[in-house]
Amino acid sequence: MSDFLASSSAPGNANAARRLLMQKISQNENLPALGRTVARVVQLTSSDNQAQSELTYFILSDVGLTQKILRLANTVFYRTANSTAVTTISRAIFVLGFDLIKTSALAMLLVDRLSDRQHAHSIHAELLQALYASVIGREMARKSSYQGGEEAAISALFKNLGRLLMAAHDHALYSKLTGLIETDGLSPAQASMQVMGCSLEMLAESVLQEWQMPPAIIRSLAPLAAGVPKPAKNRQEWMQQVAAFSADAAQLLSRTGTTAAIERSATLLARYGEALNLDLKSLDQLFGAAGREINILRASMQLELEPVSTEPALAPTAKVVLPTLPDDMLMVCGNAAEGQIGSSFPSGKPFNASARLLAGMQDVTQVMASGRSKVNELILLAMETLYSSMGFDFAAFCIKDRKSGQYRARMTIGKNHIVRQAGFVLPLESTSDIFHLALGNDADLIIADATTSKIIALLPAWHRKLLADTRSFIVLPLVVRSVPLGLFYADRTTLAPEGVSPDEAALIKALKGQVLAALQAGDRGNVG
296 MSDFLASSSA
306 PGNANAARRL
316 LMQKISQNEN
326 LPALGRTVAR
336 VVQLTSSDNQ
346 AQSELTYFIL
356 SDVGLTQKIL
366 RLANTVFYRT
376 ANSTAVTTIS
386 RAIFVLGFDL
396 IKTSALAMLL
406 VDRLSDRQHA
416 HSIHAELLQA
426 LYASVIGREM
436 ARKSSYQGGE
446 EAAISALFKN
456 LGRLLMAAHD
466 HALYSKLTGL
476 IETDGLSPAQ
486 ASMQVMGCSL
496 EMLAESVLQE
506 WQMPPAIIRS
516 LAPLAAGVPK
526 PAKNRQEWMQ
536 QVAAFSADAA
546 QLLSRTGTTA
556 AIERSATLLA
566 RYGEALNLDL
576 KSLDQLFGAA
586 GREINILRAS
596 MQLELEPVST
606 EPALAPTAKV
616 VLPTLPDDML
626 MVCGNAAEGQ
636 IGSSFPSGKP
646 FNASARLLAG
656 MQDVTQVMAS
666 GRSKVNELIL
676 LAMETLYSSM
686 GFDFAAFCIK
696 DRKSGQYRAR
706 MTIGKNHIVR
716 QAGFVLPLES
726 TSDIFHLALG
736 NDADLIIADA
746 TTSKIIALLP
756 AWHRKLLADT
766 RSFIVLPLVV
776 RSVPLGLFYA
786 DRTTLAPEGV
796 SPDEAALIKA
806 LKGQVLAALQ
816 AGDRGNVG
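First residue of the sequence shown? That's 296 in the numbering used here, and the numbers climb one at a time after it.
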């Protein structure tokens, strides 16, 4: 932030105000964590083979963010007439697209992490403008021929970061800025120079540099030269133009239809029409599409802001059980509640687990039928379905690794999943622990109480150490023609005396069958 602090072409009081603002921002202990989180999401690109999995893992690690993304995916705006409810993040990404989920998640992060402060109304107003600009930027990116155009939506989101940070950290300075703009008629650039001796973009750039954002995004925040811009010669110029246009256009979205808005629309077209190939009709279409999408996003984020005006039955399969495997460990049918929606057992298992499993299985079927899926994505979708439908706290997918002579966790979601994935390792050699008993018998196990002496005696030492708080769990071996390939594992930190219903047992087996089919059809060596 040294360049920002060094700016000294303004009166001493403005420089002092700038230094005080940066001191307040630097003292916010939560901001570096937000920066790291935002940077982690921004670096994900749809061209990366692991990006979808990483984005799924990231969203699932935040319960609030997961709920918002699922609400977004289940709105009428995004669902087709014949589609079933979207119950997993993997499916949401498949349906809505990687870029939309990514930029929506970024906006939701800013809303969540910067809203819980004083002067919430002002902060929400600036968050709303950032959200407006992001959606407009995304609409512009959809029509662009530039590769990686989704970065323009991210640039547009951050274009308002300077005002947002000022509202969150120095409301007196923010009030002075807005007063100069709204009462005295100064432009935002003139007002910011008067109150802190530099542009709002410079404030945003300094923070984004600390967050280690991609240079292309940071450069795109620079103000455009005065006058009417020409069509961009390259992607960087185009991103800069889209970010500036989106920020200016965002000011109109809440006022469409008014005389002032119509006049400002003409001004927008006069400045940006040639550079961005816009006319009055395309601008109206842009505002209509963006307005509808913003209202959907606002509802999914539960932002209290003014809306924008716009124009077969499956049976369990039998299994052969070795004498060494106690029958009471098998996935038998308990007294799971039927017909109850929207709540859960004390264990955390939803009452409507069967409906959730069915929806997830249908998701896997649709993704497989599309021909666009990778083995990793199908496995992650199946694991997420099991994890969310049954109310587990942690889930892992393990596969045989002959090079290391181990079964290793290749995918994990839930509580402490990164640390747990590193330690979730089983030897290939058969032992008498519960995992090898399940693999050797090809037997699905549901353990309702992992604290009994009989179960503890069957748990390997690594499990007792790594997953010491486990109170109930499930093991689903993946075996083809008597050859173990790997397993699914999921656990809770609570007891689960309700067990599983017949429908749940059948659906879990069917879900496992889909994974086995994908493993046999794909390249197991590239899994994970």
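In this text, a Cβ means the ideal position worked out from N, Cα and C, and glycines have one as well.
- Pairing Ala677 with Cys693 gives a Cβ-Cβ distance that is not under 7 Å.
- Residue state for Asp696 is assigned as strand, using DSSP reduced to three classes.
- For Ile741, the beta-bridge partners assigned by DSSP are Ile769.
- Judged by beta-carbon spacing, Asp465 lies beyond the 7 Å limit of Leu329, meaning their Cβ atoms are not closer than that value.
- Taking Asn572 as reference, the option from Asp543, Ala527, Arg366 with the minimal CA-CA separation is Ala527.
- DSSP places Ala517 outside both helix and strand once states are collapsed to three, so it counts as coil.
- When DSSP states are grouped into helix, strand and coil, Met706 belongs to the strand group.
- The C-beta distance from Ile591 to Thr370 rounds to 5 Å, short enough to meet the 8 Å contact threshold.
- Here Asn325 is exposed. Its C-beta has fewer than 16 other C-beta atoms within 10 Å.
- In this structure, Thr382 lies near Arg651, with their beta-carbon atoms less than 7 Å apart.
- Met685 places its beta carbon less than 7 Å from that of Ala648.
- The straight-line gap separating the alpha-carbon atoms of Ser560 and Glu421 is approximately 21 Å.
- Exclusion of the five residues before and after Lys471 leaves Val490 as the residues of its chain whose Cβ lies within less than 6 Å of its Cβ.
- The alpha helix (DSSP H) runs of length 4 or more contained entirely in the region 346 to 372 are, from start to end of the chain, 346 to 355, 358 to 368.
- Cβ-Cβ distances below 6 Å link His416 to nothing in the same chain once the five nearest sequence neighbours on each side are left out.
- When secondary structure is reduced to three states using DSSP, Arg776 falls in the coil class, being assigned neither helix nor strand.
- Residue state for Gln442 is assigned as coil, using DSSP reduced to three classes.
- Annotated as distal: Ala368 and Ala346, with beta-carbon spacing of 7 Å or more.
- Going by DSSP, Val390 is part of the alpha helix (DSSP H) stretching over 384 to 391.
- A buried status is given to Leu405, since no fewer than 16 other beta-carbon atoms sit within 10 Å of its beta-carbon.
- The beta-carbon separation of Ile742 and Phe719, rounded to 16 Å, does not stay under the 8 Å limit for a contact.
- Remark: three or more beta-carbon pairs, one from each stretch, lie closer than 8 Å, so the region 790 to 806 and the region 638 to 646 are flagged as touching.
- Distances from the alpha-carbon of Asn529 to those of Tyr441, Arg566, Ala486, Leu547 put Tyr441 closest.
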